[in-house]
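Heads up: the sequence shown is residues 89 to 227, going by my numbering.
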Amino acid sequence: MEAVVNIRNRDQVKEYVFKAGITSVLNDAKWERLFMLLNESDRFFQYRRVDLDGSTFPEDGQSFTPELAQYRGDFWAMEWLEILAFKAHIKGALLAPEIEDFTIELVELAKKAGVKFTMIERGIRVWGYVRKGADLIFV
Numbered sequence: 089m090e091a092v093v094n095i096r097n098r099d100q101v102k103e104y105v106f107k108a109g110i111t112s113v114l115n116d117a118k119w120e121r122l123f124m125l126l127n128e129s130d131r132f133f134q135y136r137r138v139d140l141d142g143s144t145f146p147e148d149g150q151s152f153t154p155e156l157a158q159y160r161g162d163f164w165a166m167e168w169l170e171i172l173a174f175k176a177h178i179k180g181a182l183l184a185p186e187i188e189d190f191t192i193e194l195v196e197l198a199k200k201a202g203v204k205f206t207m208i209e210r211g212i213r214v215w216g217y218v219r220k221g222a223d224l225i226f227v
């Protein structure tokens, strides 16, 4: 993946997106609407972000965090945001946890925000940009 020189610089991101033939599918207003709805929800969502240059938050690229405020801003650099919609209730050391899955509620929230997203296991991936050749089916 060709890296953006400075993903915090909106003009450089626009130039990179144009040259790479990447398609923007969300604008700042829709990102803001999504974040507002997520903040208003009483559900325990967890998040992971990938930017156009391949950088991730959390930095390990594998884990998720419930700290939504960490993701707000610089939407022009965000390639996608994964949102997990479940909570594990531990029942004891020898018993499997009970999983409370609220993906259906998250899907309704994302539809209300008007964002482009795909399904992942127990959640969604909200797309800011789509790369050439990606074969995505948005919900």
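Note that beta-carbon positions come from the ideal geometry of N, C-alpha and C, so glycine has one too.
Asked, Found
"Go ahead and pull the three-state DSSP assignment for Val92.", "Per-residue confidence for Val92 stands at a pLDDT of 48, beneath the threshold of 50, marking its modelled position as unreliable; no derived number is given."
"Threshold first: 4 residues or longer. Then list the alpha helix (DSSP H) segments lying entirely within the stretch 164-208, N to C.", "191-201"
"Where does the unbroken beta strand (DSSP E) through Val214 begin, and where does it stop?", "Gly211 to Trp215"
"Can you list, in chain order, the residues of its chain with a C-beta nearer than 7 Å to that of Glu188? Leave out the 5 residues immediately preceding and following it.", "Phe174, Lys175 and His177"
"So what's Asp139 in DSSP terms, helix, strand or just coil?", "strand"
"Is Val218 helix, strand or coil by DSSP?", "strand"
"Using a 10 Å radius around the Cβ and a threshold of 16 neighbouring Cβ atoms, would you call Val227 buried or exposed?", "exposed"
"On the criterion of 16 or more Cβ atoms from any shown chain inside 10 Å, does Glu193 qualify as buried, or is it exposed?", "exposed"
"Along the chain, which unbroken stretches of the alpha helix (DSSP H) at least 4 residues long are found entirely within the stretch 93-127?", "98-108"
"If you compare alpha carbons, which of Val203, Lys204, Leu197 and Ile225 is closest to Phe133?", "Leu197"
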